[in-house]
Ligand SMILES: Nc1ncnc2c1ncn2[C@@H]1O[C@H](COP(=O)(O)OP(=O)(O)OP(=O)(O)O)[C@@H](O)[C@H]1O
Ligand SMILES: [Mg+2]
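Chains as they are written, first to last, in our numbering: chain U, 524 to 847; chain Z, 7 to 273.
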């Protein structure tokens, strides 16, 4: 069966300045050749730190950006040469909270988008009502978006993204900046879309637990390259050997960590609670590592064995922690 | 239709705030009143034989009112680009539009047309207020007769103003530059004083501005001249309109391609 999304050796460089004719400009490589396929009905995650190239990938797939090389197809249509065909059949929740019109009401926003997505009028009325009820904003439909909370805005952005009943949905950091309750709503909503409505979803996140819980498969992306791609379970097998530890220390300069042990990474820095180190070590190494830390001048506050997560996979693969 | 959707959205966002509408009308009026009184003070009265001889319209308030109202509408597509499109670029709503099957070109043209129509509503109020305040003799028949020329002028304004749509997508903060341009147009297109008072090279330059010809033609028709008296102006408009549309389109296509390489945000 044809994959719903097919990305092959995709590359993207951004010019550092406006590329005027007859002007030489330098380019920044944001994607250095990534490839992956997403099947119909799959919930696929792109996980990576800031600047990894997640948004760039989404923008290319949603026809907002032109790739510098390689190819990308969505539902069999090329995202460059058949952009219009792609646009009709997909939708996205973009990064940030200003993707809707704040000076229009929730209802007016959805009607506007239903029009520019060419949804037939009687169909649109019905769908807007359904969607607003689904995201719990029907009662607030006539209020301006301006007065909405961040969570409400995001729920409306999701309703907007479903206005053309898309086959494929792209979500760029859909829970970023949301309170716990709103984030939970978004996750469960997306999960249901895939399970009950058989939508194909590609989402980006740098929230490990989210990726792990939601996604059928995850591509870990770093510096414009996919460094691992598998199901969450299989990815975690990479760190199933040995033991994963969290060591909380004080008075340790971050650059010293690697000198003590290359497998450790700084996963959290907190001025009051100290620095949290994390790593996947061999069982017999632990005493030596702790000793090393003390010798490096650190005050070790606690050592704890923890269940490995995707964060440990990322640390193992890159030597760095993927911080929230 | 997507065009109607864009228009409805723009109208809603503008007319939702009555205070803003009223203040637009007031700004329009204050500006106009200043110029009319200043002009009359210089001329030493409302009638000028020089004006009559060089433009066919001797009554200064009539002369200034028509030019002014058309000027305001003529710079409207430019304002739509440098403020309206720019605002959507900054906020990310532009990308929400680009990602839709509507296409950016349709959205940009619709937006500019919407702003021009909104400004027309405001200028209709200013015009009628001006007619009453300055005792301009108004013939509904002459006004009706001028409508086809106004329509043609709108097409020309849209074409020339959309040049800024392409520019704003790439150079972003060009509002202040556009403002200078607006006032330049105001002064060299003969809105408040006849072109014959300006140096010859400015007069030649003014021929490239659609407002010059539209204001001239509408004034003549307004005071009762026949269509045959405005063939020169109409010819100029028919020549300039496709040229400006072509230039705008080429620039827009380049900007769109460049934006798809650089990203629409790019701040
Ligand atoms: N419009 C642009 N112009 C120039 N460089 C850009 C542009 N957009 C992104 N970049 C660069 O490309 C790289 C990838 O950025 P991208 O936004 O895709 O990362 P991301 O994974 O989405 O990060 P984040 O988690 O911060 O959203 C970064 O180095 C970024 O600085
Ligand atoms: Mg991003």
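Here a beta-carbon is modelled for each residue, glycine too, at the ideal position from N, C-alpha and C.
Please read all numbers here as calculations on a predicted model, not as lab measurements.
| Query | Result |
| --- | --- |
| Considering only residues of the segment 647-727 of chain U, which uninterrupted beta strand (DSSP E) runs meet the minimum length of 3 residues and lie entirely inside it, listed in chain order? | 691-695 |
| So if I threshold CB-CB distances at 7 Å, which residues from the segment 240-272 of chain Z count as touching chain U? | 264, 266, 267, 268, 269 and 270 |
| Who are the neighbours of residue 103/Z on chain U, taking C-beta pairs under 7 Å? | 639 |
| Closer than 7 Å by beta-carbon distance: list the chain U residues that pair up with residue 86/Z, in chain order. | Correct list: empty, because the minimum Cβ distance to chain U is about 16 Å. |
| Would you verify that the beta carbon of residue 834/U is, or is not, closer than 7 Å to some beta carbon of chain Z? | no |
| Shortest alpha-carbon distance to residue 557/U belongs to which of 577/U, 803/U and 785/U? | 577/U |
| Exposed or buried, which one is residue 33/Z when buried takes at least 16 other CB atoms within 10 Å? | exposed |
| Below 8 Å, how does it come out for the segment 48-62 of chain Z and the segment 181-189 of chain Z: are there three or more Cβ pairs, yes or no? | no |
| What in chain Z is Cβ-close to residue 689/U, meaning under 7 Å? | Simply none; closest approach about 11 Å. |
| Quick check: is the beta carbon of residue 225/Z nearer than 7 Å to any beta carbon in chain U? | no |
| So with CB distances below 8 Å, who are the chain Z contacts of residue 788/U? | Neighbours of residue 788/U on chain Z: none; closest Cβ ~31 Å, over 8 Å. |
| Taking the alpha carbon of residue 836/U as the point to measure from, which residue in 537/U, 761/U and 771/U has its own alpha carbon closest? | 761/U |
| For residue 273/Z, collect the residues of the same chain with a Cβ closer than 8 Å to its Cβ; drop the 5 residues on either side in sequence, then sort them by chain order. | No answer about residue 273/Z holds up, because its pLDDT of 48 lies below 50 and its placement is not dependable. |
| From this set, 159/Z, 60/Z, 174/Z and 208/Z, which residue's C-alpha is nearest residue 216/Z's C-alpha? | 159/Z |
| To the nearest angstrom, how far is the alpha carbon of residue 860/U from that of residue 686/U? | The first residue shown for chain U is 524 and the last is 847, placing residue 860/U beyond what the model contains. |
| Select from 19/Z, 152/Z and 169/Z the residue whose C-alpha is nearest the C-alpha of residue 187/Z. | 169/Z |
| Within 6 Å: the Cβ of residue 537/U and any heavy atom of ligand 1? | yes |
| Please report the straight-line C-alpha distance between residue 207/Z and residue 201/Z, rounded to a whole angstrom. | 11 Å |
| One question on the structure: do residue 198/Z and residue 37/Z come within less than 7 Å of each other, judged by their Cβ atoms? | no |
| Quick one: which chain B residues come within Cβ less than 7 Å of residue 90/Z? | Of the protein chains in the structure, U and Z, none is chain B. |
| Going by the beta-carbon positions, is the gap between residue 4/Z and residue 114/Z smaller than 7 Å? | Any question about residue 4/Z goes unanswered here, given that chain Z covers just 7 to 273. |
| What are the boundary residues of the alpha helix (DSSP H) that includes residue 757/U? | 755-760 |
| Measure the alpha-carbon distance for residue 800/U versus residue 839/U and round it to whole angstroms. | 13 Å |
| Pick from 772/U, 808/U and 789/U: whose alpha carbon is nearest that of residue 821/U? | 772/U |
| From which residue to which residue does the alpha helix (DSSP H) around residue 638/U run? | 629-639 |
| Taking 6 Å as the line, does the beta carbon of residue 580/U fall inside it for any heavy atom of ligand 2? | no |
| Which term fits residue 544/U, buried or exposed, when burial requires 16 or more other beta carbons within 10 angstroms of its beta carbon? | exposed |
| Can you check whether the C-beta of residue 11/Z is within less than 7 Å of a C-beta belonging to chain U? | yes |
| Could you pull out every unbroken beta strand (DSSP E) segment of at least 3 residues lying fully inside the segment 736-798 of chain U, listed in chain order? | 740-745, 748-753, 766-773 and 787-793 |
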